[in-house]
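Everything on this sheet refers to the single structure shown next.
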């Protein structure tokens, strides 16, 4: 019986609490709906403000939107909101039919005591000023009668540049009571308009300033550049065209660094970013400016941050002086000295290699061939095996000498390609066939994929053959007997991709970065001999073709070395 009484008591208590909470729940939902409506209206205003930089185009649309949101009879914007002036203008006004303002009245209106009081009240009040049923207009004037004002709501717009504006709504059909929610929304819209006006008015002021000094700037021989906070060119004098060969109209709006040599861009971007983040006020650097014919011209750049009075950076102003002749003289002297020293080293190196390595190698190779051909008598199988070992050693030494010579040419900049259209698939088949004896001796299974049909490519056949040989030789070296070597070629986009896939020991992730560096030899490779130059040379050859090279590998799962070359000349 006690439990039953407790249950009834709990039910009665819950019923009473629910009755007290229901009104609050209703109010909370209404508040949420009002907040959602406010956010939706602000979003509509923001979207409209972002559509154009032209105030004359933007503001009529904005007044129409405000009239729809607040269901007012008239929406207006006057300038300036200054109680000390004699007259003001209403440059933007929208009125519903039946409440039109007489012609001429919206263009310029004498301020008078009532107008001054209205402006002073707006400027001194932190919230919008509302006159309506609960707060009638405190003054009567010809303006109120002329405009048929029965209720009004107004608040100043305060851009960072110039005098304030005054934004207002009129209700002409009835004495309207402006709710707190409407006043808050009106205040927030005015604040967003103030931010937009600040940006647009500054933009207009900057354009007027540019026009004011354009004649002086155009007469200068130095290139004058103005860059915005996004790094884009916003002003150039005519000296730009003389310096770069590119018309000013084509350059405006493009990133400043786009016109620089690719190797200079990262460094210049960092310098300009330092200015915009206020780490420094000025910066000085030299850079190469690209010309339409592919050449470049050196410029000495002195750049300074441009900022508003409040300190916010808005762009960069820079002067560019042509220093091409000076840089060319410096480069010529440096290149001559480097070339002289390089020629000396290269000559000594080539002479040493030719005399100390090639001469004995030729003798060894020749005598090995004599033995293999039976000139000194027929060889028993064991002796034939010894001769093959000699031939393999000679081949390795020849490969080493060629690597060293290629390294010297690449390092000296005397390396060149003879690119022509050729059948890449045929090249793969030929190289694979040349390795077939070594592959069979190594008891490795060779698989060719994608090379039955022609694959036209632009390449230096000898150098691409060298790359293939390097990759195949490495794969054979690191693939155990009974393993598989797969050569695959396929068309990818506008290029050709070749893959050399082995079932060898694989490469640890920490060692992958070493593979394509000069002398970047792994411990396993060092134990098997070689210079560590093969992959580095292959990388240089492929990149000279406009392609790329890489590797995918995992320890214990084999390796896939791949490279790409263009199908057409680039």
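Numbering (this note's numbering), first residue to last: 160 to 729.
Ideal Cβ positions, reconstructed from N, Cα and C, are used throughout, including at glycine.
State the beta-bridge partners of residue i as determined by DSSP.
i: residue 582; result: 615
i: residue 466; result: 472
i: residue 238; result: 248
i: residue 385; result: 394, 476
i: residue 648; result: 657
i: residue 708; result: 722
i: residue 526; result: The partner list for residue 526 (beta bridge, DSSP) is empty, contrary to what the question assumes.
i: residue 449; result: 455
i: residue 233; result: 254, 329
i: residue 414; result: 391
i: residue 313; result: 288, 327
i: residue 604; result: 643
i: residue 442; result: 462
i: residue 269; result: 246
i: residue 419; result: 448
i: residue 481; result: 458
Throw me the rounded Cβ distance for the residue i and residue j pair, which I believe falls under 8 Å.
i: residue 448; j: residue 456; result: 5 Å
i: residue 240; j: residue 315; result: 5 Å
i: residue 601; j: residue 635; result: 6 Å
i: residue 280; j: residue 246; result: The Cβ separation is near 19 Å, so there is no contact.
i: residue 481; j: residue 402; result: 6 Å
i: residue 328; j: residue 311; result: 6 Å
i: residue 734; j: residue 466; result: The structure shown does not extend to residue 734, since the chain spans only 160 to 729, so no value can be given for it.
i: residue 629; j: residue 694; result: 7 Å
i: residue 318; j: residue 353; result: 5 Å
i: residue 364; j: residue 320; result: 6 Å
i: residue 450; j: residue 525; result: Rounded, the Cβ-Cβ distance is 55 Å, inconsistent with contact.
i: residue 475; j: residue 566; result: Their Cβ separation, rounded to whole angstroms, is 44 Å, which puts residue 475 and residue 566 out of contact at 8 Å.
Determine the closest residue to residue i out of the options, with distance taken between C-alpha atoms.
i: residue 313; options: 382, 482, 319, 350; result: 350
i: residue 672; options: 249, 708, 533; result: 708
i: residue 386; options: 434, 342, 360; result: 434
i: residue 479; options: 424, 461, 311, 309; result: 461
i: residue 609; options: 440, 624, 648; result: 648
i: residue 190; options: 340, 431, 540, 417; result: 340
i: residue 431; options: 421, 390, 466, 458; result: 390
i: residue 731; options: 388, 565, 303; result: No answer is possible for residue 731: the residues shown for the chain start at 160 and end at 729.
i: residue 194; options: 407, 412, 343; result: 343
i: residue 378; options: 399, 720, 368, 364; result: 399
i: residue 278; options: 666, 597, 322; result: 322
i: residue 637; options: 618, 627, 660, 617; result: 660
i: residue 699; options: 336, 562, 326, 306; result: 562
i: residue 283; options: 615, 454, 242; result: 242
i: residue 617; options: 697, 703, 205, 597; result: 703
i: residue 719; options: 666, 697, 705, 670; result: 666
i: residue 625; options: 597, 544, 558; result: 558
i: residue 326; options: 293, 255, 309, 249; result: 249
i: residue 551; options: 500, 441, 520; result: 520
Would you mind stating whether residue i and residue j have Cβ atoms separated by less than 8 Å?
i: residue 701; j: residue 645; result: no
i: residue 612; j: residue 581; result: no
i: residue 203; j: residue 286; result: no
i: residue 546; j: residue 530; result: yes
i: residue 556; j: residue 516; result: yes
i: residue 623; j: residue 586; result: yes
i: residue 253; j: residue 207; result: no
i: residue 337; j: residue 237; result: no
i: residue 631; j: residue 594; result: yes
i: residue 560; j: residue 619; result: no
i: residue 590; j: residue 627; result: yes
i: residue 270; j: residue 228; result: no
i: residue 692; j: residue 650; result: no
i: residue 384; j: residue 477; result: yes
i: residue 715; j: residue 658; result: no
i: residue 296; j: residue 288; result: no
i: residue 219; j: residue 251; result: yes
Closer than 8 Å is the cut-off here; do at least three beta carbon pairs connect the segment 223-236 with the segment 329-341?
The answer is yes - the segment 329-341 touches the segment 223-236, with three or more Cβ pairs under 8 Å.
Would you call the segment 484-497 in contact with the segment 384-400, where contact means no fewer than 3 C-beta pairs closer than 8 Å?
Taking one beta carbon from each stretch, the segment 484-497 and the segment 384-400 have fewer than 3 pairs nearer than 8 Å; the two do not touch.
Would you call the segment 644-656 in contact with the segment 717-726, where contact means no fewer than 3 C-beta pairs closer than 8 Å?
Yes: at least three Cβ pairs fall under 8 Å.
With three or more beta-carbon pairs closer than 8 Å as the criterion, would you say the segment 349-369 touches the segment 196-212?
By the criterion of at least three beta-carbon pairs nearer than 8 Å, the segment 349-369 is in contact with the segment 196-212.
Across the segment 586-605 and the segment 637-644, are there enough close Cβ pairs to call them in contact, namely three or more that are closer than 8 Å?
Contact between the segment 586-605 and the segment 637-644 is present, because at least three Cβ pairs lie under 8 Å.
Taking one C-beta from the segment 367-378 and one from the segment 409-424 each time, how about it: are there three or more such pairs within less than 8 Å?
Too few Cβ pairs lie closer than 8 Å, so no.
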